[in-house]
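Written out below as structure tokens is the structure these notes cover.
Residue numbers (this note's numbering): 353 to 612.
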């Protein structure tokens, strides 16, 4: 097994929800919920918070989390993970980028990505969109003319090869089913694993047209000719990304009602 470091990038500034990592959830900041859940993963050799904000840094120290300060001008969470890995040092072979706004994260998903990293330089997860259609409370989006999760541009879809490598990610409906088909739609789950060598290479790659058009960073990997291994997660638990104060209230209710 490779030695894998889980890194949670967390910044204070946010257009829709400033200070989100420190939002209180049942007496603890959201970043603490994510950190504690990530720490339950069996296949990680450690968990690290990477931030550019002193308030988040101090909060992490207060609850006993490992944390490093990174630069404030980094373009995205992946670049923050790469810089944090360099600052932290240590003996590890790969990094898993864990979203800092997933306080209901199931550690099983981290372990699934870690297992893929033993034979791949880049890996992520997906799940059938039927899970969302049957349980609409497991994700959030604004009211729109969309009739289902597949049509929702805030839910990223992915199509895979028969060897379970990503062919494309999109905010649009993919595949377009011109013919009747039982082929499921798949939602991409934003947990990424990288070998340390590939992570360094990836952040140095220039932007690409499709990644900028869709505003999906992972497309840069495909556009430069690299592969992303994908697993359909076995996890059935809800995972709500907190993008708005309304999402935060739903997470509080779930935790208070001991549903997860």
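Virtual Cβ for every residue (Gly too), placed ideally from N, Cα, C.
Taking residue i as the reference, which of the options has the closest Cα?
{"i": "residue 595", "options": "375, 522, 356", "result": "375"}
{"i": "residue 534", "options": "471, 385, 481, 556", "result": "481"}
{"i": "residue 578", "options": "379, 507, 475", "result": "475"}
{"i": "residue 573", "options": "473, 388, 416", "result": "473"}
{"i": "residue 356", "options": "365, 451, 398, 508", "result": "398"}
{"i": "residue 416", "options": "381, 377, 443", "result": "381"}
{"i": "residue 509", "options": "516, 517, 521", "result": "521"}
{"i": "residue 584", "options": "528, 461, 605", "result": "461"}
{"i": "residue 605", "options": "363, 395, 455", "result": "455"}
{"i": "residue 359", "options": "581, 447, 406, 478", "result": "447"}
{"i": "residue 419", "options": "425, 407, 403, 433", "result": "403"}
{"i": "residue 540", "options": "502, 467, 379", "result": "502"}
{"i": "residue 511", "options": "527, 505, 500", "result": "527"}
{"i": "residue 562", "options": "554, 553, 513, 575", "result": "575"}
{"i": "residue 565", "options": "411, 505, 408", "result": "505"}
{"i": "residue 479", "options": "543, 607, 570", "result": "543"}
{"i": "residue 467", "options": "570, 547, 365", "result": "547"}
{"i": "residue 422", "options": "414, 434, 536, 464", "result": "434"}
{"i": "residue 457", "options": "393, 470, 408", "result": "393"}
{"i": "residue 586", "options": "400, 477, 401", "result": "477"}
{"i": "residue 545", "options": "459, 581, 442, 571", "result": "581"}
{"i": "residue 550", "options": "525, 469, 412", "result": "469"}
{"i": "residue 552", "options": "445, 409, 532", "result": "445"}
{"i": "residue 395", "options": "464, 366, 589", "result": "464"}
{"i": "residue 471", "options": "353, 607, 601, 609", "result": "353"}
{"i": "residue 523", "options": "531, 451, 500, 366", "result": "500"}
{"i": "residue 442", "options": "400, 530, 608", "result": "400"}
In the DSSP output, what is residue i paired with across the bridge?
{"i": "residue 436", "result": "Beta-bridge pairing links residue 436 to no other residue."}
{"i": "residue 357", "result": "398, 447"}
{"i": "residue 376", "result": "381"}
{"i": "residue 479", "result": "539"}
{"i": "residue 512", "result": "518"}
{"i": "residue 587", "result": "Paired residues: none, contrary to the question."}
{"i": "residue 362", "result": "403"}
{"i": "residue 420", "result": "402"}
{"i": "residue 582", "result": "476"}
Is it right to say residue i is buried, meaning 16 or more other beta carbons lie within 10 angstroms of its own, or is it exposed?
{"i": "residue 299", "result": "The structure shown does not extend to residue 299, since the chain is modelled only from 353 through 612, so no value can be given for it."}
{"i": "residue 603", "result": "buried"}
{"i": "residue 370", "result": "exposed"}
{"i": "residue 384", "result": "buried"}
{"i": "residue 378", "result": "exposed"}
{"i": "residue 593", "result": "buried"}
{"i": "residue 363", "result": "buried"}
{"i": "residue 324", "result": "Here the chain has residues from 353 to 612 only, and residue 324 is not among them."}
{"i": "residue 591", "result": "buried"}
{"i": "residue 599", "result": "buried"}
{"i": "residue 557", "result": "exposed"}
{"i": "residue 486", "result": "Bear in mind that a pLDDT of 45 at residue 486, under 50, signals an unreliable position, so the model cannot answer this."}
{"i": "residue 361", "result": "buried"}
{"i": "residue 571", "result": "buried"}
Taking only heavy atoms of the ligand ATP into account, decide whether any of them is closer than 7 Å to the Cβ of residue i.
{"i": "residue 511", "result": "Although the ligand ATP was asked about, the structure shown includes no ligands whatsoever."}
Please confirm if the stretch 434–441 is in contact with the stretch 511–521, defined as three or more CB-CB distances below 8 Å between the two stretches. no
Is there contact between the stretch 380–395 and the stretch 425–436, where contact requires at least three CB pairs shorter than 8 Å? no
In the stretch 527–567, which residue ranges form an unbroken beta strand (DSSP E) of at least 3 residues, counting only runs that do not cross its ends? 538–547
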